[in-house]
Each structure stands twice: as structure tokens, then as C-alpha cells.
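Working notes for the structure below.
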Amino acid sequence: METITMEKEQKITVPVTGMTCAACAGSVENILNKQEGVLECAVNFANETAQITFKPSQTSPEALKQSVQAVGYDLILDTENAQTKQAELKATQVHSLKNNVIWASVLTVPVVVIGMFFMDLPYANWIMLALTTPILTLFGKRFFINARQQARHGQANMDTLVALSTGIAFLFSLFNTVYPAFWYNRGLHPHVYYEAAAVVIVFIMLGKLLEEKAKANTSSAIKKLMGLQPHTVWIIENGEEKEVELAQVRIGDRLLVKPGDKIAVDGKVLFGSSFVDESMLSGEPIPVEKTKGTKVFAGTVNQQGSFRFIAEKVGGDTLLAGIIRMVQNAQGSKAPIQKLTDKIAGIFVPIVMGISVLTFVAWLLLGGENALSQGLLAAVTVLVIACPCALGLATPTAIMVGVGKGAENGILIKDAESLEVAHRINAVILDKTGTITEGKPTVSDHFWVEDNEFLKSILLAIESQSSHPLAEAVVNRLKAERAKTRIVQQVENVPGRGVQATVDGQNYYVGSPVWMTERQLPMTHFPVEQWQSEAKTVIVFSDETRVLAAFAITDPIKATSAGAVNELYHQGIEVYMLTGDNAQTAQQVAKQAGIQHFQAQVLPADKAAFVEELQRAGKVVAMVGDGINDSHALARADVSIAMGKGSDIAIDVAKMTLISSDLQKIPQAILLSKWTVATIHQNLFWAFIYNLIGIPLAAGVLYPFNGFLLNPMIAGAAMALSSVSVVANSLRLKLKRL
């Protein structure tokens, strides 16, 4: 019998270099999708990355790199230093672009002055030819090089439009400069358009420069997150301390953290104690105490103390690296609406080239005595003004800023689709423990026969020996009251009942009320029944003859849960609570949180089934959970949201993660989605309107009525302004407050 093994697909996100417009992204995407073994590829022009899913047995990253290099682009495959290399390359490109803009502008100014005001200057055309030639062949040569590479592979992009428009204008002007008699013999003046070619190059390069700077701002969230990583660490080897590069740290290494240091990797404290600022993870400003056995996380900041810890997760496996990766993937992912605009941008350039040819032909047939020169001018202007950059940038820039805005506010968004869909949510399902509640047992009520420090110290000593989570709740309560511990001679667990201990020869007991009843100890004066009716767990402390104290322990709802639920109802969103807990506890929690619909004793499969039930009823469902038992329902939901303090599986499955585990972030995420989608629609509106108005004007549609014919250099300025305006509109999201 033949055994069939399923090959595991591989998914990588790599930076792409050499792209200049949305059509470039379309070219790279088409080429990669055509490669054997590539299952799916999405190229994002805004953050210049490609997300590629492929079969390793049929292709490799190196082969994919070669395929895009053949068209004039490149992939950065060095995963360890990809972001650094891309940043360095981008910085070099921006510096070069800035120099080209400056020098091209210096040469363009006299060309414009002569072309506009001193056309009768002796040798004017030759002077403009001498000044314009280096603008096109030196400072603007990349447009022609890229256009040629695209043409060799049957592709076209913005560089094609720029090269065609400025090249035709320059060659036409060159012909008229060298052989003006051709026109004079026909009774026409030999017009030249050096200033148009030069200004178009300058304006497009200037627009590209402004665009690059604006796009850099959209990635500020990534840079801030990366800035949380230290570059070097103190490692302990053979009892000696030495400073090494972060990349050299391996799992099992013992590291030293000094006061004020950033923690480099995830691990567990071995020796020492301190308080650590974990606000980047939890959003809470109060430092968290770290002692032996507690977890520490990369990117958090040590306060006063010093400690040693063992590295458990390093490199790309740390919590901080995971957060960075999620933000990067989200900023590189495509919203459904973006896939449509990508298709439009991909066919837009050939259509514009066709319109340009038709414009030229129409002028030749209907233009009269100046038909050739004016038709050529109109055709060039159509090519210049119709650049699809604004259309290509409309969605990804808004998504990038929206994802970054979410990250700054503790909302990690894994993909663009969830950000686009979130504003349509009309049903939210909440898990109970760890989502609505703190997920940590706490003493809510207590009753002592007498306020006796001696008895408190005995109880603290006994409960400190227990690993039960309820014991931890009592210990935390007694420590908060500054109780002192004592030495316990003997501690014995009594299964199903509690703990029996001996202190100074006296026996003490900590356990359930049932145990005390079995031992015939009266609890008449203790509000045990009242606490139990409120779905609280009761622990009782006694000696041999009487009950000394009782404690009600509960998992309290988070301080912000009720407010968040109320806000969701205010937005017209139905809220449901599903829990595996008993009905009595579920009812109490739902009542405290203000939730009208809840189900108790729900199994993981039941949660997923409930999600599907709501979806069949036409609801757009968001599932919010923190545990492994929630992962199935999270995967089924339209928008899945995990608590940052939840399980790794829940976080992996969910499309959004709330770092602070605060439910108030859900209304904020929905609001962010509304703003982002509104910005996308605004960008697309202006991008389409710009082209719908600009192309007919460039073709000369108004010329028969008022003699207006758009100048190519004005068209170049308008094209550059359209791209910058779209990016600027997206950046307005940064100014909004969630």
C-alpha cells in the first residue's frame, strides 16, 4: 500500500526592492505567482514586502529571488537582518533621490525660465537641450532603465508612463531643434517642450521623495517596537560576566540584568529580585515584582534591582519578536478591497497607453493645422497625469497607519481583512475566565472571630506551603495585610478536604465548609451560605475546637469589563457570554458585567457551533477568548480577538490580540476599523476622481470650447500631488484618539 505524505507549505515575508509604483507591485506579484511551486503571493507596495506561500520541494527563496531580479527588482532573503538591510538600502535610495531632485531642479529652473519667457533668446533651444539632456540621461535615468526592463518581460508600470511621456517630448523637441526647417517649410512654428520633460521628471522625483518620507512615517510603530530590543546583553559563563551581541544568546544561557537594563529575551528568574516595567505588554504602569521562578519578557525594562535569569525563548521566538512579526505581517497583508484596486492598477497602465495613442490619433484627424504638435503634447500629458500611484497607495497606506495606530494603543492586528471587517461587527461573544474576569482567584470577603496577628501568621505559614490557586489567593490577601509568617513543623494534604498542619504543637485546619461540618465545628456566625449563594468559593480556617476565620474567593470581573459591555450595547452590538463554568457562577458574572445573554457549561465545540449559529442568522461575529478551549471558536469567527495574557494557541489563531487584555479595547478596535475603512474610501474616491477628471483634461476635451490644453509639467505636478495627498490623508489617522 502506497503511503501518501502531505508536503508542508512554507510561508515567508520578505522585503522587495526596486518598486516605484503600484503597477510595480503588480508586476512582481504576477511574476512570483507564475513560478512553479508558488501557491500564493501578495506584494504590498506601501511597505515594500512580499508574502509568499510555496512548496519547498518545487522552488526555493533563491529561485524566487532570481525570477524578480530578471525584471529589475530584488528580494532580501537575509531574515536576520532583512529589516536593517532594507532600511539601509532605503536610506541610500532616499539620499540619492534627494540629490537627484536638487541637481535636476537646479538645471530645470533656467530651462523653465527660457521656455516660458525668453524663447527668442539666441540659441535658446540649444541651451535648453544642453540643460535637459543630463536631467533625463543622468538624474532621471532610472525611469528609462526600469521601463526597458519592464518592456523586455511584457510588463508596464509608472516608469513606462514617465519614460514614454518625457522621452517623446524630448525627442520631439530634439528633432525640432536640429531640423526646424521641417516645420517652417509647412508654415508652422517648431515648438519645443524641454521645460515640460524636465519639470515632469523633477515633479515626479519630488513626489516620490515626499512619498517615501510619508511611507516611512506609517512604519513608526514597527520602529518603536524594534527599539525595545537591546543590542547587547550580559551573559554569565564560568561564573564570569561578559557583554555579547544579542544575536549570540542561545536557549539555556544565563543572563544578568542590571538596574535600568532592557530585558533581551524571554526567560525565568534564577536568582535575585526586582520590579520590571511591563507596560509595553500589559499597558499597566505599575512595575511587576520578579523573584525566583517568575517569567520575564524581552523588551520590558528592569527597575531598581538586579537578577539573573535563564533564556527560554530567543530571537524570533520571543514574545516581543512575535508582536513585531504580527504587526509586520498585518501591515503587509491585503484587505479584500485592496485586491480589487491591485487588479485595476495592473491593467491601468496599458489602458492609459491606449488612451494616449487614441488621443494622438484623434488630434491628427480633428486637430487642424497644429494637429501634430498639439496631439503629441496631449498624448504626452495623458501619460504623465494618469500615473496609478494614488490608486495603488489608497488602501495599503491607510491599512499601515491603522495597524500602527492599533499597535500604539495595545491592539495588535494580524491581517488587513480583520481591520476592514471589524466595523461591521454586530455580535460579540465573550469567554468568561480571563476575558471578562481577571482569571485569577482573589479574596473578595473575609471574616475573623478576632483580629489576631498570631492566627494570621499561622494561616499564612500554612497556605504558603500549598500550591493550590485558592491558597495563593489567601496568601496574597494576608501579605497585603502585612502578616508575618511562622515556621510550620508539619503540613499534610487531606484529599478532597484541605490541609492539616502543626504549629508549635497545635493542630490547625484549612479547607472546605463540608470538612468543618464533618468535624462538627459550628459556623453559625459566618456568612458561608450567603457567599455560596453568590457563586463564591469558601475556605475555612480552624483549630481543633472552633472555626477561626472564613474567606470568600472569587474570580472578580475586570474593572473595565462592565463599561466595555455597555459601550458595545451602545453601539448596537449584541453581547453573549459563553463559559464552561456552572450556571450559578455564570449568572453572577453576567449580571455584574451587564450581559443579557449567556450560556454555562459550554464545551469548546459548542462555542464554535454557537458562532456558526449566529453567522447563519446573518450576524458578523467577533469571538473574544484567551484559552486553548476558545481556539476552535476563534477560528470560526469573522473577527477573532485574543487576550494578550491568554494561551499561545489562542493568540496564534486570533486575527487581533489585545495586549492588556482590556475589553475596552474592543470598542476601540471597531472604531479604528471605521476610521480606517472611511480613510480607504476617501483615498479611493479622490484617486478615481483625479483620473476621471485629469485624463480627459489632458487629452484636450476642453480645447474645442475654450482653447484649454493642459501643460505636461502642470500634469506632472498634479500627479505627484495626488500621491502625496493620499498618503497625507492616511496619516491623518495618526492624529485621531481612540
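For the sequence shown, position 68 (counting from the first letter as 1) is numbered 68 according to the UniProt record's numbering, and the numbering increases by one without interruption. In this text, a Cβ means the ideal position worked out from N, Cα and C, and glycines have one as well.
Residue ranges of each alpha helix (DSSP H) within the segment 493 to 524, 4 or longer: 513 to 518
Beta-carbon gap between Thr232 and Leu255 smaller than 8 Å: no
Spatially closest choice to Phe307 from Ile263, Val352, Leu366 and Val349, by CA coordinates: Ile263
Length of the line joining the Cα atoms of Ile425 and Leu663: 15 Å
Identity of the residue in Gly700, Val301 and Glu312 nearest Leu376 by Cα: Gly700
Cβ-Cβ distance between Ala550 and Phe447 below 8 Å: yes
Nonlocal neighbours in the same chain, by C-beta distance under 7 Å from Val111, ignoring five residues either side: Met128, Leu131, Thr132, Tyr194, Glu195 and Ala198
Whole-angstrom C-beta distance between Ile553 and Ile539, which should lie under 8 Å: 6 Å
Collapsed DSSP secondary structure at Ala288 in the structure displayed: For clarity, residue 288 is Val in the given sequence; the question names Ala instead. Val288 falls in the strand class under three-state DSSP.
Contact set for Glu492: own chain, Cβ-Cβ below 8 Å, skip 5 residues either direction: Val499, Gln500 and Ala501
8 Å Cβ cutoff met for Thr579 and Asp451: no
Simplified DSSP state of Ser282, which is helix, strand or coil: At Ser282 the pLDDT is 46, less than 50, meaning the model places this residue with poor confidence; the figure from the coordinates comes in the next sentence. Helix at Ser282.
Asp445 versus Thr537, Val380, Asp638 and Gly354, residue with shortest Cα-Cα distance: Thr537
Distance CB(Val474)-CB(Glu463) smaller than 8 Å: yes
Extent of the continuous alpha helix (DSSP H) to which Pro604 belongs: Pro604 to Arg616
Beta-carbon contacts of Ile135 that lie in its chain and below 7 Å, excluding the five residues immediately before and after: Ala104, Leu107, Thr108, Ala198 and Ile201
Contact with chain B by Thr17, beta-carbon distance below 8 Å: Protein chains in the displayed structure number just one, and chain B is not present.
Nearest to Pro527 (by Cα), restricted to the options Lys34, Val269, Thr545 and Val449: Val449
Residue nearest to Lys11 in terms of C-alpha spacing, selected from Ile52, Ile114 and Val620: Ile52
Residue interval of the alpha helix (DSSP H) (run including Met119): Run containing Met119: none; DSSP gives neither H nor E here.
Local conformation of Ser660 per DSSP, three classes: coil
Sub-8 Å separation of Ile235 and Leu270 beta-carbons: no
For Thr218, three-class secondary structure by DSSP: Low confidence applies here, because Thr218 scores a pLDDT of 47, under 50, leaving its location unreliable; read the following figure in that light. Of the three classes helix, strand and coil, the one that applies to Thr218 here is helix, per DSSP.
Residue nearest to Phe541 in terms of C-alpha spacing, selected from Gly18, Gly563, Ser512 and Tyr179: Ser512
Supposed close pair Ile659, Gly252 - CB separation, criterion 8 Å: About 28 Å separates the two Cβ atoms, so there is no contact after all.
N- and C-terminal bounds of the alpha helix (DSSP H) containing Lys414: Where Lys414 is concerned, there is no enclosing alpha helix (DSSP H), given that its DSSP letter is neither H nor E.
Buried versus exposed call for Met205 [16 or more other C-beta atoms within 10 Å across all chains shown]: buried
First through last residue of the alpha helix (DSSP H) which encompasses Gln530: Val528 to Ser533
Uninterrupted alpha helix (DSSP H) stretches inside the segment 538 to 587 (no shorter than 4 residues): 561 to 570
Residues near Phe118 in its chain [Cβ-Cβ closer than 8 Å; skip 5 each side]: Ala124
Asn185 burial status per 10 Å Cβ neighbour count (16 or more: buried): exposed
Bounding residues of the beta strand (DSSP E) (the contiguous stretch that carries Pro190): That residue, Pro190, is in no beta strand (DSSP E); it is neither H nor E in DSSP.
For Glu40, the residue or residues it bridges with in DSSP: Thr53
Nearest to Leu672 (by Cα), restricted to the options Gln587, Ile399 and Ser173: Ile399
The segment 592 to 609 contacting the segment 564 to 579, beta-carbon criterion three pairs below 8 Å: yes
Top-ranked residue by Cα proximity to Gly618, from Val443, Phe610 and Gly625: Phe610
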